[in-house]
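K.L.:
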Amino acid sequence: MLLSAPSTTTTSEKLKLIDVVERLGIGYHFEEEIEEQLREIHHGNQHDPNNNNIALQFRLLRQHGYNVPNEKFQNGEEEGGSFKEELGSDVEGMMGLYEAGYLRMHGETILDQAIEFATTRLTKDHDDDQQRELLIARRVAHVLKRPLRKGVERHEQLFFISVYEKTEGHDVTLLKLAKLSWNSLQHSYQQELRSITQWWIDLDFATKLSFARDRLIEVYFWAVGAMWEPKFSMARYILTKLTMLVSINDDIYDVHGTIDELQLFTATVQRWDTGMKDLPEYLKLFYGAIIDVLDEVDAITTREGRPYCLEYGKQAEKNQMRAYLTEARWFAKGEVPTIEEYRRVGVYSCTYPLLAFSALAGMGDKAPKEAFDWLLADPKILIAVGDHCRLMDDIVSHEV
88 MLLSAPSTTT
98 TSEKLKLIDV
108 VERLGIGYHF
118 EEEIEEQLRE
128 IHHGNQHDPN
138 NNNIALQFRL
148 LRQHGYNVPN
158 EKFQNGEEEG
168 GSFKEELGSD
178 VEGMMGLYEA
188 GYLRMHGETI
198 LDQAIEFATT
208 RLTKDHDDDQ
218 QRELLIARRV
228 AHVLKRPLRK
238 GVERHEQLFF
248 ISVYEKTEGH
258 DVTLLKLAKL
268 SWNSLQHSYQ
278 QELRSITQWW
288 IDLDFATKLS
298 FARDRLIEVY
308 FWAVGAMWEP
318 KFSMARYILT
328 KLTMLVSIND
338 DIYDVHGTID
348 ELQLFTATVQ
358 RWDTGMKDLP
368 EYLKLFYGAI
378 IDVLDEVDAI
388 TTREGRPYCL
398 EYGKQAEKNQ
408 MRAYLTEARW
418 FAKGEVPTIE
428 EYRRVGVYSC
438 TYPLLAFSAL
448 AGMGDKAPKE
458 AFDWLLADPK
468 ILIAVGDHCR
478 LMDDIVSHEV
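So the sequence shown is numbered by my numbering: it starts at 88 and just counts up by one.
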């Protein structure tokens, strides 16, 4: 067992090893072991007075869903509430404090202060590269640009592999496993993309729906960023296909379709009318693709013993179409909705509910019926994400 080795006898050593293993992108090989060790550390209230280890333990436990308190960080504060200046001389410690700060929740002022303090110290030191080794300078520049919590996990793994192999005293076996795992997964991604690309070529939407954006590689890359582990291969497959159709749908409602066509199309989808006799030809092609993909999802999930998934997918599609039509009507009439109307519709027009369904549909027994019921009930996190997505999208569109 990796974490039972003689070299990992203390809490500090276990935490450091878990961090390295996860950042190398090989944590999925040791999931149960890592969870067991973190559970023991959390329930045993094990801690190290060293500030570096406090930050690492805090970050790892919160990353794994433990709502640990932030009170341990008070050890590094002066009486006035600011962090002790002597802490700033430890570059490794400052990077750890900075990363931990991004696991903060609303109202955790001490973690806001931690980020501010660490940013000031790291920026000041980074301005003078003569004071540090090139490798440390590279890591500091990277963490200031994109802290781990805000990075794309798969991309962060590649960066960490590149610096870990140049780190003195690195574990040769772990590094070799990380590189083998990276290359193996890259091969799997290529196979997945090959299959999805053939589906896209067969649809021939580049010719038949020439107004639509061709974003297949971009969309698949996004799916890998969201769910990179081998066990989520089917989730990436479904997510990429449905996201491509979402992108085309967006182009239809925003750019290509007339109001009359959009109203007819939306009504057809609400009835889930597969006859499609009154639709224009381009909408028949598009709607047929939606039905085919959801039928494929139904076949996959039914084989897994989850025959209920299809109905949730249909409902997600219907909700999205209604939201798109509402926004199209606002635009056509020059109406400005109230903020409440804007937010209510934006939750669905941002497409996250449909994309969340796509991900859950591909997660096998990790996504039982209760997960879909939860999603359909518009949980707070979905509304918050919808607000963020809708606002960011519209801000960018307005600026352009």
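Ideal placement from N, C-alpha and C gives every residue a C-beta, glycine not left out. What you are looking at is a predicted structure, and each value in this text was computed from that prediction instead of being measured.
As an exercise, report each continuous alpha helix (DSSP H) stretch of at least 4 residues that is fully enclosed by the region 118 to 162, in chain order.
P.N.:
As far as the region 118 to 162 is concerned, its whole alpha helix (DSSP H) runs of at least 4 residues are 118 to 130 and 138 to 150.
K.L.:
Is DSSP giving Glu166 helix, strand or coil here?
P.N.:
Legend: pLDDT at Glu166 = 48, less than 50; position of this residue unreliable, value from coordinates given subsequently. Coil.
K.L.:
Leaving out five residues on either side along the sequence, give the residues of the same chain with a beta carbon under 7 Å from the beta carbon of Ile325.
P.N.:
So the list reads Val384, Ser445, Ala448 and Gly449, once near-sequence residues are dropped.
K.L.:
On the three-state DSSP scale, how would you describe Glu255?
P.N.:
Of the three classes helix, strand and coil, the one that applies to Glu255 here is coil, per DSSP.
K.L.:
Cα-Cα, which of Met479, Ala443, Asp481 and His475 is closest to Leu463?
P.N.:
Per the Cα distances, Ala443.
K.L.:
Nearest by alpha-carbon distance to Ser484: which of Asp341, Gly194 and Val155 is it?
P.N.:
Ranking Asp341, Gly194 and Val155 by Cα distance to Ser484 puts Asp341 first.
K.L.:
Whose CA, out of Thr260, His257, Leu190 and His129, lies closest to the CA of Pro234?
P.N.:
Nearest of Thr260, His257, Leu190 and His129 to Pro234, Cα basis: Leu190.
K.L.:
If you reduce the DSSP assignment to three classes, tell me which class Tyr324 lands in.
P.N.:
Helix, per DSSP.
K.L.:
Rounded to whole angstroms, what's the CA-CA distance from His475 to Phe418? Just pull it up for me.
P.N.:
Those two C-alpha atoms are separated by around 21 Å.
K.L.:
Under DSSP, the alpha helix (DSSP H) around Phe459 begins and ends at which residues?
P.N.:
Looking at the DSSP string, the run of the alpha helix (DSSP H) that includes Phe459 is Lys456 to Leu463.
K.L.:
Near Tyr395, what residues of its chain come up, given a Cβ to Cβ distance below 6 Å and the 5 sequence neighbours on each side ignored?
P.N.:
Result list for Tyr395: Lys456, in chain order.
K.L.:
Verify whether the separation of the beta carbon atoms of Leu351 and Leu366 is less than 9 Å.
P.N.:
Yes; because the gap between Cβ atoms is below 9 Å, this pair is in contact.
K.L.:
If you draw a straight line from the alpha carbon of Thr260 to that of Leu372, how long is it in whole angstroms?
P.N.:
So the two alpha carbons sit approximately 52 Å from each other.
K.L.:
Taking just the CA atoms, how far does Val333 sit from Thr438?
P.N.:
When rounded, the distance between both Cα atoms is 7 Å.
K.L.:
Could I get the ranges of all uninterrupted alpha helix (DSSP H) runs contained in the region 331 to 361, with 4 residues as the minimum, in chain order?
P.N.:
If we require 4 residues or more, the alpha helix (DSSP H) runs fully inside the region 331 to 361 come out as 346 to 358.
K.L.:
Would you mind working out which of Ile141, His130 and Asn139 sits nearest Tyr153, comparing C-alpha positions?
P.N.:
Among Ile141, His130 and Asn139, the Cα nearest to that of Tyr153 belongs to His130.
K.L.:
Need the endpoints of the alpha helix (DSSP H) that Met408 sits in, please.
P.N.:
From DSSP, the alpha helix (DSSP H) with Met408 extends over Cys396 to Lys420.
K.L.:
Mind listing, in chain order, the continuous alpha helix (DSSP H) runs of no fewer than 4 residues lying wholly within the region 266 to 305?
P.N.:
Runs found: 292 to 295.
K.L.:
Nearest to Thr210 by alpha carbon, out of Ile197, Val230 and His193?
P.N.:
If we check each option's Cα against that of Thr210, Val230 comes out closest.
K.L.:
Taking the beta carbon of Pro440 as the centre, do at least 16 other beta carbons fall within 10 Å, making it buried, or is it exposed?
P.N.:
Its Cβ being crowded by 16 or more others within 10 Å, Pro440 is buried.
K.L.:
Could you spell out the range, first to last residue, of the alpha helix (DSSP H) harbouring Thr389?
P.N.:
Glu368 to Arg390 is the span of the alpha helix (DSSP H), which, as asked, contains Thr389.
K.L.:
Since Thr294 and Tyr307 are thought to touch, with beta carbons under 8 Å apart, how far apart are those beta carbons, to the nearest angstrom?
P.N.:
Thr294 to Tyr307, Cβ: 21 Å. No contact.
K.L.:
How many angstroms separate the CA atom of Glu279 from the CA atom of Trp286?
P.N.:
Distance between the alpha carbons of Glu279 and Trp286: 11 Å.
K.L.:
Between Leu198 and Glu220, what straight-line distance do the alpha-carbon atoms span, to the nearest angstrom?
P.N.:
Distance between the alpha carbons of Leu198 and Glu220 is about 28 Å.
K.L.:
Quick one: what's got a C-beta closer than 7 Å to Glu240's C-beta in the same chain, skipping five residues either side?
P.N.:
Closer than 7 Å at the Cβ level, and outside the excluded window around Glu240, lie Trp315.
K.L.:
With a 10 Å radius around its C-beta and 16 neighbouring C-beta atoms as the bar for buried, classify Ile105 as buried or exposed.
P.N.:
With 16 or more Cβ atoms within 10 Å of its Cβ, Ile105 is classed as buried.
K.L.:
Is the beta carbon of Leu143 closer than 9 Å to that of Ala187?
P.N.:
Their beta carbons are under 9 Å apart, which means Ala187 touches Leu143 by this criterion.
K.L.:
Just to confirm, are Glu414 and Ile377 a CB contact at a threshold of 9 Å?
P.N.:
Contact flag unset, no.
K.L.:
Specify the secondary structure class of Glu428 as computed by DSSP and reduced to three states.
P.N.:
Three-state result, Glu428: helix.
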